[in-house]
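Chemist: Count along the sequence shown from 1, add 589, and you get the number used in my numbering. Cβ atoms here follow ideal geometry from the backbone N, Cα and C, with glycine treated the same way.
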Amino acid sequence: MLKNTVPPILIIFLFNISLAQRPEVKRPETKAETLSEKPKLVVGIVVDQMRYDYLTRFESKFGEGGFMRMINEGFNCKNNHFNYVPTYTGPGHASVYTGTTPKYHGIIANYWYDKALKKDVYCAGDDTFQSVGTSEKSGQMSPHRMKTTTFTDENRLFTQMRGKTIGISIKDRGAVLPAGHTANAAYWFQGKDEGNWISSTFYMNDLPKWVKDFNSEKSVSKYLTEWNTLYDINTYTESGSDLNTFEGGFKGKETATFPYQLDVLKDRNGGYDLLKATAYGNSLTTDFALAALKGEQLGQDNDTDVLTVSYSSTDYVGHNFGVNSKEVQDTYIRLDKDLERLFNALDAQVGKGNYTVFLTADHAAIDVPAYLKSVKIPAGYLDNKKTKKQFEAFMESTFKDSNLIENVSNNQIFLNRERIKALGLNLTDVQNAIVNELINYDHVDKVYTATTMRSTQFTKGIEALLQKGFNQKRSGDILIVPDPAFISYSRTGSTHGSGLNHDTHVPLLFFGKGIKHGQTLQKTEITDIAPTMSALLGISFPNGSIGKPLEIVLE
């Protein structure tokens, strides 16, 4: 009887067929290969009060290593806007890093009236903590009023707290809010007669050695020198005349014109605080950021670190001199040099291709209304004394009670709800009566009630911006929108806060690891930044984020 046997050559043939039919199994990436896809360091830069058109107006004066390096090597979102009102510093920094708006993160202004505490509160203030590095109360800060997480928080959680977060800014809120709730540290500048970088016991009980060394060197003093234009002032053709009636200037100097002898002016202008309102405040911030890069060994391991840097002096200079001033132009020309210093240090210490940078602003600013009016553009100033007198008379004659208003601030009215209830009045009726009164006042464009903000869903226009800035628990009963280009401010210098393009249109630049080279005029929003960074890092989006990752930016 013959056995069933298969020739050896046929066995080999069948085996080869079976291998060919099996799906290819991709070799798993090693841990080192997976980690290499992420940047070792993310640097978030916020330039306080930077309008988008500064990039284009001053382009011919910029070098190749700062703003232009970001544009030439990275991605330029040319139509980037804030998507809420009010456009202030505190809400701006919170929105950049949380990916959401005041409606959710709760930072509705820099200062606001707290309806529960019946007093004004500060967005970063926290008297349950103590100052570190100064005997002043200026270190009593924390991010506790910010209700949602930042992408810096999510990175800390993802890396099991191994990835560091360091926040730096001359302004406390510019350091505290971006760094988030879980930051290793946030540092801000204490001026006056100290000239030191300080912190809060929220982060630490003592300054680290590198910060103490920086403070002890008193390198801040080298900037108390002459502030003159970096280049010949006659070449600054992108800004207005140096001598005009639209600028504030400094005490002790008759005209707001170059040069400024800072060592002479300091005693009448807050000591070291004077530096905040000059281009040198940005240089000092860069110096400290470079010290942090070394002192904290940022970007030196496989867990992504985050460094947040907010350049605040641009805001101080803008408020003082106005967006069309020679001082603003020189400040941005010098900031361009500081950015180049920062990027060169990142190249040397972290390695080109190992880090990612984004740059944006917390708001922009309006041209000085007095200047706009001089060139026949509708603009002006609100007469708040007249409005207050007229409004108080209305409340007395209509409700026979002058105590129905608790607070008026940030273009909002807070009603005394307990008093309204005690008088047997209907809250909605009172709100509507006030709206119908205020809409008739000079230079009041629109007025809305909190009830409208809660009950109506707006999808476009100023109403949608107001709604995204309206926090039901913290905002007022009445929201007022002034006429375009009418502000409550001095006759000199610029300010911000509205939902108009001069306040909402800000730069958004990305460059470095994981970033494409290109540009877009497609509209992007400030709340898109945090989810884009989260997508780049492969981490959770901040818990309140409403923005979208910008796929056009990412490789």
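1. Looking at G870: is its Cβ nearer than 7 Å to the Cβ of L879?
2. Ignoring anything shorter than 4 residues or poking outside the region 714-768, list the alpha helix (DSSP H) runs there in chain order.
3. Do we get a CB-CB distance below 7 Å when we pair R745 with the residues of chain D?
4. Roughly how many whole angstroms lie between the Cα atoms of E648 and P680?
5. Only counting the same chain, and skipping five residues up and downstream in sequence, which positions put a Cβ closer than 6 Å to that of R1080?
6. Kindly indicate which three-state DSSP category H1085 falls into: helix, strand or coil?
7. Counting Cβ pairs closer than 8 Å, one from the region 742-757 and one from the region 1124-1144, do we hit at least three?
8. With a threshold of 8 Å, are at least 3 pairs of Cβ atoms found where one atom belongs to the region 781-798 and the other to the region 715-731?
9. Considering Cα atoms alone, identify which of L1125, L1089 and I1002 is closest to Y702.
10. Taking the beta strand (DSSP E) that V800 belongs to, which residues open and close that run?
11. Where does K629 land, buried or exposed, given buried means 16+ other C-beta within 10 angstroms?
12. Kindly indicate which three-state DSSP category K1035 falls into: helix, strand or coil?
13. Can the beta-carbon of S684 be found closer than 7 Å to that of T690?
14. May I ask you to report which of helix, strand or coil DSSP gives P617?
15. Closest by CA to W799, which one among L854, G722, Y900 and G837?
16. Skipping 5 residues on each side, what residues in its chain have a beta carbon closer than 6 Å to that of E916?
17. Can you name the residues that DSSP bridges to T1040?
18. Beta-carbon within less than 7 Å of T814's beta-carbon, same chain only, minus the 5 sequence neighbours each way: which residues are those?
19. Are the CB atoms of E827 and Q918 nearer to each other than 7 Å?
20. Which same chain residues, not among the five before or five after I1135, have their C-beta less than 8 Å away from its C-beta?
21. Determine the direct distance from the alpha carbon of V1033 to that of L1027, and round the result to whole angstroms.
22. With a floor of 3 residues, list each beta strand (DSSP E) that falls wholly inside the region 622-646, ordered by position along the chain.
23. Less than 7 Å separating the beta-carbons of K753 and D876?
24. With a Cβ-Cβ cutoff of 7 Å, do Y686 and A1124 count as a contact?
25. Any idea what DSSP makes of I1069, helix, strand or coil?
26. Throw me the rounded Cβ distance for the M735 and D761 pair, which I believe falls under 8 Å.
27. Report yes or no: do the region 626-642 and the region 944-954 share at least 3 C-beta pairs separated by less than 8 Å?
28. Distance, Cα to Cα, Q979 vs K1112?
29. List, from N- to C-terminal side, the beta strand (DSSP E) runs of 3 residues or more that fit wholly inside the region 987-1016.
30. Just to check my reading of the structure: Y921 and Y641 have Cβ atoms closer than 8 Å, yes? What is that Cβ distance to the nearest angstrom?
31. How about the region 1084-1097 and the region 948-957: do they share at least three Cβ pairs that are nearer than 8 Å?
32. Just reading off the beta strand (DSSP E) that N665 is part of, what are its end residues?
33. Applying the 10 Å Cβ sphere with the 16-neighbour rule, what's the burial state of E1144?
34. Would you tell me roughly how many angstroms separate the C-alpha atoms of A866 and A1011, rounded to the nearest one?
35. Determine the burial state of K1049: buried for a count of at least 16 other Cβ atoms within 10 Å of its Cβ, exposed for fewer.
36. Please state if the CB of H770 and the CB of P732 are separated by a distance shorter than 7 Å.
Modeler: Judging by the given coordinates:
1. Working through the sequence shown from its first residue, we reach residue 870 at position 281. Working through the sequence shown from its first residue, we reach residue 879 at position 290. Not closer than 7 Å, so no.
2. 740-747 and 761-768
3. Looking for chain D here will not work: only one protein chain is present.
4. Here residue 648 refers to the residue found at position 59 of the sequence shown. Here residue 680 refers to the residue found at position 91 of the sequence shown. When rounded, the distance between both Cα atoms is 29 Å.
5. Against the sequence shown, residue 1080 aligns to sequence position 491. Around R1080: A959.
6. Position 496 of the sequence shown holds residue 1085. Here H1085 sits in coil by DSSP.
7. yes
8. The region 781-798 vs the region 715-731: in contact.
9. Residue 702 sits at position 113 when you count from the first residue of the sequence shown. Ranking the options by Cα distance to Y702, first place goes to I1002.
10. The count along the sequence shown starts at 1 and reaches residue 800 at position 211. Here V800 belongs to no beta strand (DSSP E); instead the alpha helix (DSSP H) covers K798 to E806.
11. For the purposes of this step, residue 629 is identified with residue 40 of the sequence shown, where counting begins at 1. By the 10 Å Cβ count, K629 comes out buried.
12. Reading the sequence shown from its first residue, position 446 is the one you call residue 1035. Reduced to three states, the DSSP call for K1035 is strand.
13. Taking the sequence shown and counting its residues from 1, the one referred to as residue 684 is at position 95. Taking the sequence shown and counting its residues from 1, the one referred to as residue 690 is at position 101. Closer than 7 Å, so yes.
14. For the purposes of this step, residue 617 is identified with residue 28 of the sequence shown, where counting begins at 1. With a pLDDT of only 48 at P617, under 50, the local geometry of the prediction cannot be trusted, and no value is derived from it.
15. Looking up residue 799 in the sequence shown gives position 210. Among L854, G722, Y900 and G837, the Cα nearest to that of W799 belongs to G722.
16. One-based indexing of the sequence shown puts residue 916 at position 327. Closer than 6 Å at the Cβ level, and outside the excluded window around E916, lie V906 and F910.
17. For the purposes of this step, residue 1040 is identified with residue 451 of the sequence shown, where counting begins at 1. According to DSSP, which records beta bridges pairwise, T1040 is partnered with nothing at all.
18. Residue numbering aside, residue 814 sits at position 225 when the sequence shown is read from its first letter. Cβ neighbours of T814 beyond the five flanking positions: L851 and D852.
19. In the sequence shown, residue 827 corresponds to position 238, counting from 1. In the sequence shown, residue 918 corresponds to position 329, counting from 1. In contact: E827 and Q918 (Cβ atoms closer than 7 Å).
20. Within the sequence shown, numbered from 1, the residue matching residue 1135 stands at position 546. Same-chain partners within the cutoff: G688, T689, T690, Y693 and T1116.
21. The count along the sequence shown starts at 1 and reaches residue 1027 at position 438. The count along the sequence shown starts at 1 and reaches residue 1033 at position 444. Distance from the CA atom of L1027 to the CA atom of V1033, rounded to whole angstroms, is 7 Å.
22. 630-636
23. As a working mapping, residue 753 is identified with position 164 in the sequence shown. As a working mapping, residue 876 is identified with position 287 in the sequence shown. Not in contact: K753 and D876 (Cβ atoms no closer than 7 Å).
24. Position 97 of the sequence shown, counted from the first residue, corresponds to residue 686. Position 535 of the sequence shown, counted from the first residue, corresponds to residue 1124. Result no, Cβ atoms of Y686 and A1124 do not sit closer than 7 Å.
25. Counting from one through the sequence shown, the residue named residue 1069 turns up at place 480. Looking at I1069 - three-state DSSP - the assignment turns out to be strand.
26. The residue you call residue 735 lines up with position 146 of the sequence shown. The residue you call residue 761 lines up with position 172 of the sequence shown. 13 Å between Cβ atoms; not a contact.
27. Taking 8 Å as the limit for Cβ pairs, the verdict is that the region 944-954 does touch the region 626-642.
28. As a working mapping, residue 979 is identified with position 390 in the sequence shown. As a working mapping, residue 1112 is identified with position 523 in the sequence shown. If you take the alpha carbons of Q979 and K1112, they lie about 41 Å apart.
29. 994-998 and 1001-1004
30. Taking the first residue of the sequence shown as 1, we reach residue 921 at position 332. Taking the first residue of the sequence shown as 1, we reach residue 641 at position 52. No, Y921 and Y641 are not in contact; Cβ-Cβ is about 12 Å, not under 8 Å.
31. yes
32. Taking the sequence shown and counting its residues from 1, the one referred to as residue 665 is at position 76. Looking at the DSSP string, the run of the beta strand (DSSP E) that includes N665 is F664 to C666.
33. As a first step, residue 1144 must be located in the sequence shown, where it is residue number 555. With fewer than 16 other Cβ atoms within 10 Å, it is exposed.
34. Walking along the sequence shown from the start, residue 866 turns up at place 277. Walking along the sequence shown from the start, residue 1011 turns up at place 422. One C-alpha to the other measures close to 49 Å.
35. The sequence position of residue 1049 within the sequence shown is 460, counting from 1. K1049 should be labelled exposed.
36. In the sequence shown, residue 732 corresponds to position 143, counting from 1. In the sequence shown, residue 770 corresponds to position 181, counting from 1. In this structure, P732 sits near H770, with a CB-CB distance shorter than 7 Å.
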